[in-house]
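Q: Residue numbering for the sequence shown follows full-length UniProt numbering, starting at 1 and increasing by one per position. Please see the structure below; I have some questions.
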Amino acid sequence: MSSPRLNSPDMLGALAPVKPRFGPRHRWVVLGVGVAAQASFSAAITGLPVTGPTMRAAYHLSTAGVGFVLGSIYLGIAVSEIVWGLWTDRFGERKILLIGLLSTALALALMAALVVPHGSSTPSIGLLAVAMLLVGVLGGSVNGSSGRAVMSWFRDGQRGLAMSIRQTAMPAGGSIGTLLLPWLARNHGFRPVYLVLSAFCVAAAAAAWRWLHQPESMAGAAPKAARSESAVSPLRRKDVWRLATASAMLTFPQLGVLTFAAIYLTDVKHASLAVVVATLLVTQVGGAAARIGSGRYTDLHGNRRGMVRAIGVASGIVLIIAALLNGAPTLVVATALAIGGLLANAWHGVAYTEIAYMAGAERAGTALGLENTTVFGAAFLTPLLIPFLLDRSSWPVVWVVIGAIALLALPTTPRNPAAVTSTQN
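The following block contains the structure:
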């Protein structure tokens, strides 16, 4: 029997290196999928609040009722995030992201069918709040799973920019919602609002099914220092909790502007819809640019925790100034609120990158789940706090309190920068 020749096509094929399924540039595709997934859900959670005045009239709600309903979606996210994070670390980001997006799309479609005013029939505030809660519970899966995917594909020195770009999906999706949802709600009612949001989630799920896969190697895993710490659960680490708490502090001004600036400018300053929309667009589009800028800066220079503290101080001061300008012309007040909201949107990419880095690649989903729990817990409390303050004081007091909460991020953020690198790649 003759032995096979070494240079035969079959032998050469067996000895040839296996070509990776995905090249290094695929990380940008994964980032794009993460942005699309986050934006599809963000169009709901930051676009629906802009419909506040129309929702108040259509569903016959008080201002406090609007706050309760809109806050329910954030409560749903807050109570589910840690569970979604743990499941993401266990089952993988692709599976969790697909389950979350498709179930959220179904929940929104059911809202379009069952939870819209029709003729003389108006859904109860309880039914509307439960529906919003369910959307939050299901959609909360998007946050940690898309973030973990980005952390897996990018190495440190690139993650600040990558995670900041992913986090721009929040204001980007919110901008789409801000432009589209109030117009739809005012002219066509809330059924097309919910259907459009459902379609966004289905489109994002299709993109995730096609392009979101695990990298062949964990080249994007955290360095040794972070991996050694990952043996300890992020849920048991004081420094991780402190950063998550500081992020919650910065959520109050962000949500305060996004949720109630429209009502404040309409009721108190008698602003036109164009001024309201422009204010919130500056907040969200400018916030998106600020997130990218802060992420890139910390990739090059390090000290992500210092950036979080600086953003807390800046946003807090500007919102206190906005309170002092309460009697100024509408455009002046709107500009101050837009700047304060812009700054309050700038911290996300930096904080999310840092908390995932601190936890290590294998526990990034859990850490991001904790981060989102505190952030969306604050997002739930904000719409409850502001009407409470209004009943007992005034709008200037509201903006002062919200600004003061943002200032608390300064002492809350942990100061040890040991885990932060400034490596350029």
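Even glycine gets a Cβ: it sits at the ideal position worked out from N, Cα and C. Note that the structure is a prediction, hence the values are computed from the model and not measured.
#1: Please report how far the alpha carbon of Gly-173 lies from the alpha carbon of Val-35, in whole angstroms.
#2: Roughly how many angstroms lie between the CA atoms of Ser-175 and His-188, to the nearest whole one?
#3: In whole angstroms, what is the alpha-carbon distance linking Phe-200 and Phe-260?
#4: Who are the Cβ neighbours of Val-277 in its own chain at under 8 Å, not counting the five residues just before and after it?
#5: Run the CB neighbour count on Arg-304, radius 10 Å, all protein chains shown included, and call it buried at 16 or more, exposed below.
#6: Determine the direct distance from the alpha carbon of Ser-121 to that of Ala-244, and round the result to whole angstroms.
#7: Under 8 Å Cβ to Cβ from Leu-31, same chain only, skipping five residues before and after it: list those, please.
#8: Specify the secondary structure class of Ser-393 as computed by DSSP and reduced to three states.
#9: Put Ser-247 into one of helix, strand or coil per three-state DSSP.
#10: Starting from Trp-347, follow the alpha helix (DSSP H) in both directions and report where the run begins and ends.
#11: Along the alpha helix (DSSP H) that carries Leu-212, what are the first and last residues, could you check?
#12: Determine the direct distance from the alpha carbon of His-301 to that of His-270, and round the result to whole angstroms.
#13: Pick out whichever of Ala-131, Thr-298, Thr-251 and Ala-288 has its Cα sitting closest to the Cα of Gly-160.
#14: May I ask you to report which of helix, strand or coil DSSP gives Ser-233?
#15: Does the Cβ of Gly-327 have 16 or more other Cβ atoms within 10 Å, making it buried, or fewer, making it exposed?
#16: Run the CB neighbour count on Phe-91, radius 10 Å, all protein chains shown included, and call it buried at 16 or more, exposed below.
#17: Tell me which residue opens and which closes the alpha helix (DSSP H) that His-298 is part of.
#18: Please state the DSSP three-state secondary structure of Ser-121.
#19: The alpha helix (DSSP H) spanning Gly-160 covers which residue range?
#20: Below 6 Å CB to CB, which residues in the same chain sit around Thr-353 once its five sequence neighbours on both sides are set aside?
#21: Would you call the segment 403 to 411 and the segment 96 to 108 in contact, with 3 or more CB pairs under 8 Å?
#22: Does DSSP put Thr-413 in a helix, in a strand, or in coil?
#23: Does the count of Cβ pairs from the segment 355 to 366 and the segment 333 to 340 closer than 8 Å reach three?
#24: Over the uninterrupted alpha helix (DSSP H) stretch that includes His-26, give me the two end residues.
#25: Compute the Euclidean distance between the alpha carbons of Leu-61 and Arg-148, then round it to the nearest angstrom.
#26: Mind listing, in chain order, the continuous alpha helix (DSSP H) runs of no fewer than 4 residues lying wholly within the segment 169 to 209?
#27: Sort Asp-89, Pro-215, Phe-68 and Ile-73 by Cα distance to His-26 and report the nearest one.
#28: So is Lys-224 buried or exposed if we call it buried at 16+ other beta carbons inside 10 Å?
#29: Name the residue from Leu-368, Ala-112 and Trp-399 whose alpha carbon lies nearest to the alpha carbon of Leu-325.
#30: Note down the Cα distance separating Gly-140 from Pro-396, rounded to an integer number of angstroms.
#31: When burial is assigned at 16 or more other CB atoms within 10 Å of the CB, is residue 427 buried or exposed?
#32: Quick one: using the 10 Å Cβ neighbour count with 16 as the cut-off for buried, is Arg-236 buried or exposed?
#33: Give a yes or no on contact between the segment 371 to 382 and the segment 283 to 293, applying the rule of three or more CB pairs nearer than 8 Å.
#34: Compare the Cα-Cα distances from Gly-369 to each of Pro-234, Val-268, Pro-411 and Ala-262 and report the closest residue.
#35: Please report the Cβ distance between Ala-204 and Pro-117, rounded to the nearest whole angstrom; I am assuming they are in contact, meaning their Cβ atoms lie under 8 Å.
#36: Kindly indicate which three-state DSSP category Leu-408 falls into: helix, strand or coil?
A: Here's the rundown:
#1: 9 Å
#2: 19 Å
#3: 25 Å
#4: Val-50, Thr-178, Leu-179 and Pro-182
#5: buried
#6: 42 Å
#7: Val-150, Trp-153, Phe-154, Ala-162, Ile-165 and Arg-166
#8: coil
#9: helix
#10: Looking at the DSSP string, Trp-347 is not in any alpha helix (DSSP H), and its letter there is neither H nor E.
#11: Here Leu-212 belongs to no alpha helix (DSSP H), and DSSP marks it neither H nor E.
#12: 44 Å
#13: Thr-298
#14: coil
#15: exposed
#16: exposed
#17: First, the residue type needs correcting, since residue 298 is Thr and not His in the sequence shown. Start and end: 273 to 301.
#18: strand
#19: 159 to 167
#20: Arg-159, Gly-160 and Met-163
#21: no
#22: coil
#23: no
#24: 26 to 45
#25: 39 Å
#26: 169 to 188
#27: Pro-215
#28: Confidence is the limiting factor: at Lys-224 the pLDDT is only 43, short of 50, which leaves the residue's position unreliable, though a coordinate-based value still follows. The residue in question, Lys-224, is exposed, as its Cβ has fewer than 16 Cβ neighbours within 10 Å.
#29: Trp-399
#30: 33 Å
#31: Past the edges of the chain, shown from 1 to 425, lies residue 427, and the structure says nothing about it.
#32: exposed
#33: no
#34: Pro-234
#35: Actually they are not in contact, since the Cβ atoms of Ala-204 and Pro-117 sit about 28 Å apart, beyond 8 Å.
#36: coil
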